[in-house]
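A.B. asks:
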Amino acid sequence: MDRGANPGAPRGISPMAPIFKVIAQYDQLADATLATALLQTVFAATIKSPEPTEQAMQALQTLADTEQPAGWEGGADTWSNHVGGIMSDLIDVWGQRIEALKGGGINLADSARIGHLGPGEELMFHTAQTPGNNYQPFTANLKREAARCIGVTATSASMDFNGATYSSVRMETATIWPLAVRRRERVPAPLAQGVMEAWLDEEIASGRIPFKGGYRAFAANRDKVCWSEWQGPAAPTADDYKAAMAAGVRIEKGLSSLSDECALFGRDWEETARQRARERQVVVDELGLPDPFQRMSGGAGPDGAAADGRREPEAA
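In terms of the working numbering, the sequence shown has 441 at position 22, counting the first letter as 1, and numbering is strictly consecutive.
1. Less than 8 Å between the CB atoms is what I'm expecting for R601 and A657, so what's the real figure, rounded?
2. In the DSSP assignment, find the unbroken alpha helix (DSSP H) run with L619 in it and report its ends.
3. Are there 16 or more other CB atoms within 10 angstroms of the CB of F580, so buried, or fewer, so exposed?
4. When you compare the CB positions of I595 and T558, do they come within less than 9 Å of one another, or not?
5. What would DSSP say about A583, mapped onto helix, strand or coil?
6. Can you check DSSP and say which residues form a bridge with M543?
7. Measuring CB atoms only, is the region 602–619 touching the region 631–649, in the sense that at least three cross pairs come out at less than 8 Å?
8. Comparing the C-beta of E621 with each C-beta of chain B, is any distance below 9 Å?
9. Whose C-beta lies closer than 8 Å to the C-beta of Q650 among residues of the same chain, with five residues either side of it excluded?
10. Where P709 and P655 are concerned, what is the direct C-alpha to C-alpha distance, given to the nearest angstrom?
11. Alpha carbon to alpha carbon, how far is I628 from I569?
12. At which residues does the alpha helix (DSSP H) containing M664 begin and terminate?
13. What did DSSP end up calling E486 once you bin it into helix, strand or coil?
14. Is it the case that the Cβ atoms of A391 and F630 are separated by a distance below 9 Å?
15. Excluding the 5 residues preceding and the 5 following I623 in the sequence, name in chain order all residues of the same chain whose CB lies nearer than 7 Å to its CB.
16. Rounded to the nearest angstrom, what separates K440 and F544 at their Cα positions?
17. If I'm right that R697 touches F712 with Cβ under 8 Å, what's the distance once you round it to whole angstroms?
18. What would DSSP say about L453, mapped onto helix, strand or coil?
19. Give me the residue from T546, L677, M506 and Q444 with the minimum Cα distance to L457.
20. So what's D704 in DSSP terms, helix, strand or just coil?
21. Going straight from the alpha carbon of A593 to that of V606, what length do you get?
22. Express the C-alpha separation of A599 and R567 in angstroms, rounding to a whole number.
23. Quick check on N500: does DSSP put it in helix, strand or coil?
24. Taking 9 Å as the cut-off, decide whether the C-beta atoms of A576 and A565 are in contact.
25. Alpha helix (DSSP H) containing S740: first to last residue?
26. Is K440 helix, strand or coil by DSSP?
27. For E648, report the span of its alpha helix (DSSP H) as first-last.
28. Under 8 Å by Cβ, that's how I've got L561 and Y445 pegged, so tell me the actual separation to the nearest angstrom.
29. Tell me which same chain residues have a C-beta within less than 6 Å of the C-beta of V465, skipping the five on either side of it?
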């Protein structure tokens, strides 16, 4: 729980709180995408036909109500019989076509059957219409938002390193690393500090660890004696060689120190220096081997590449 965003609060706010909505949205999106994919496998087949519709029937009724033209030779009965004959012929034609459709329908379940369509008919297939494919960019945005709240990089959360470069990984780590250091100082460091102080207090009180002035002197200077700095793991790097060269340049230019650079790698510079001294004593003084910590100079390596810190020699 981090109380930094809400000072004075009796209880902190979990980093998971802001992303509950994002997780619900991602779950909804996944379900909707799956449902859409299933719907796209379902289709409907229809036949577009110029058969009689309600409008056609109304047209026939209008034809029956039409008065005889002025140049018609014959009486009203003759005109009525003429119009009735036209209507009867049309109805007979439509009836024959409908009967033919009943006997020659198209069966999509029978792959070996050839369906016959009538004149003017068109077989049409209908599927679920969906918008463009926005699943990938939208899910990537949700994952980036969730990763930021959790305190990890987006690439490590999604395990998608497609398009990642050295510069992009460095920038991604640089933006998230202060958050990781802050949470390390606020959550695990106080827990470890409390355990260490209780252990040291017991050891000095029991006499297993001698302390000048005894337990009273320790109690009077408890804060100074128990002060400690908890080093966590090193910050991730995209290229260890480039990171090491950058550290060397910072020290040479006076922009950093051994303490700062060792802290970036999660080490204590004093312990590292003493360990190097012990290793040099064994390797150089006792075994007579070349000093592994001595910097090469004088154009060592092909075309002086090692002296300049280059991996590949330059062409002459």
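A virtual CB, placed ideally from N, CA and C, is assigned to each residue, including glycine.
C.D. replies: Once the coordinates are examined:
1. The sequence position of residue 601 within the sequence shown is 182, counting from 1. The sequence position of residue 657 within the sequence shown is 238, counting from 1. A657 and R601 do not touch by the CB rule: their CB atoms are close to 22 Å apart, not below 8 Å.
2. Along the sequence shown, one-based indexing puts residue 619 at 200. For L619, the uninterrupted alpha helix (DSSP H) segment begins and ends at P607 to S625.
3. Here residue 580 refers to the residue found at position 161 of the sequence shown. Exposed, since its Cβ has fewer than 16 Cβ neighbours within 10 Å.
4. As a working mapping, residue 595 is identified with position 176 in the sequence shown. As a working mapping, residue 558 is identified with position 139 in the sequence shown. Here I595 is not near T558, since their CB atoms are 9 Å or more apart.
5. Taking the sequence shown and counting its residues from 1, the one referred to as residue 583 is at position 164. Coil at A583, not helix or strand.
6. By 1-based counting over the sequence shown, the position of residue 543 is 124. Here M543 is bridged, per DSSP, to T465.
7. Yes: the two stretches touch, three or more of their Cβ pairs being nearer than 8 Å.
8. Among the protein chains of the structure shown there is no chain B, as only one such chain exists.
9. Walking along the sequence shown from the start, residue 650 turns up at place 231. Beyond the five residues adjoining it in sequence on each side, Q650 comes within less than 8 Å, by CB distance, of A682, G685, R686 and D687 in the same chain, given in chain order.
10. As a working note, residue 709 is residue 290 in the sequence shown. As a working note, residue 655 is residue 236 in the sequence shown. P709 and P655: Cα-Cα distance of roughly 31 Å.
11. Your numbering for residue 628 matches position 209 in the sequence shown. Your numbering for residue 569 matches position 150 in the sequence shown. Cα to Cα, the separation comes out at about 41 Å.
12. Within the sequence shown, residue 664 is the residue found at index 245, counting from 1. Judged by DSSP secondary structure, M664 falls within the alpha helix (DSSP H) whose first and last residues are D659 to E671.
13. Start at 1 with the first residue of the sequence shown, and residue 486 comes out as number 67. Here E486 sits in coil by DSSP.
14. Outside the displayed span of the chain (420 to 735) sits residue 391, for which this structure offers no information.
15. Position 204 of the sequence shown, counting from 1, holds the residue named residue 623. So the qualifying residues of the chain are F630, Y634 and F637.
16. For this step, residue 440 is matched to residue 21 along the sequence shown. For this step, residue 544 is matched to residue 125 along the sequence shown. K440 and F544 have their alpha carbons spaced roughly 39 Å apart.
17. Within the sequence shown, residue 697 is the residue found at index 278, counting from 1. Within the sequence shown, residue 712 is the residue found at index 293, counting from 1. Actually they do not touch by this definition, with Cβ atoms about 12 Å apart.
18. Position 34 of the sequence shown, counted from the start, is the residue given in the question as residue 453. Looking at L453 - three-state DSSP - the assignment turns out to be helix.
19. As a working note, residue 457 is residue 38 in the sequence shown. Ranking T546, L677, M506 and Q444 by Cα distance to L457 puts T546 first.
20. As a position in the sequence shown, residue 704 is number 285, starting the count at 1. Collapsing the DSSP output to three states places D704 in a helix.
21. Taking the sequence shown and counting its residues from 1, the one referred to as residue 593 is at position 174. Taking the sequence shown and counting its residues from 1, the one referred to as residue 606 is at position 187. Each residue's Cα considered, the two are about 21 Å apart.
22. Locating residue 567 in the sequence shown gives position 148, where the first residue counts as 1. Locating residue 599 in the sequence shown gives position 180, where the first residue counts as 1. Distance between the alpha carbons of R567 and A599: 11 Å.
23. As a first step, residue 500 is located in the sequence shown; it is residue number 81 there, counting from the start. The answer is helix: DSSP assigns N500 an H, G or I state.
24. Within the sequence shown, numbered from 1, the residue matching residue 576 stands at position 157. Within the sequence shown, numbered from 1, the residue matching residue 565 stands at position 146. Cβ distance < 9 Å, so A576 and A565 count as in contact.
25. Nothing can be reported for residue 740, as the shown portion of the chain is limited to 420 through 735.
26. Indexing the sequence shown from 1 puts residue 440 at position 21. Three-state result, K440: helix.
27. Residue mapping note: residue 648 aligns to position 229 of the sequence shown, counting from 1. Element bounds for E648: n/a, residue is neither H nor E.
28. Sequence index remark: in the sequence shown, residue 561 carries index 142 (1-based). Sequence index remark: in the sequence shown, residue 445 carries index 26 (1-based). L561 to Y445, Cβ: 5 Å. Contact.
29. For the purposes of this step, residue 465 is taken as the residue at position 46 of the sequence shown. What sits at residue 465 in the sequence shown is Thr, not Val. Cβ neighbours of T465 beyond the five flanking positions: M543.
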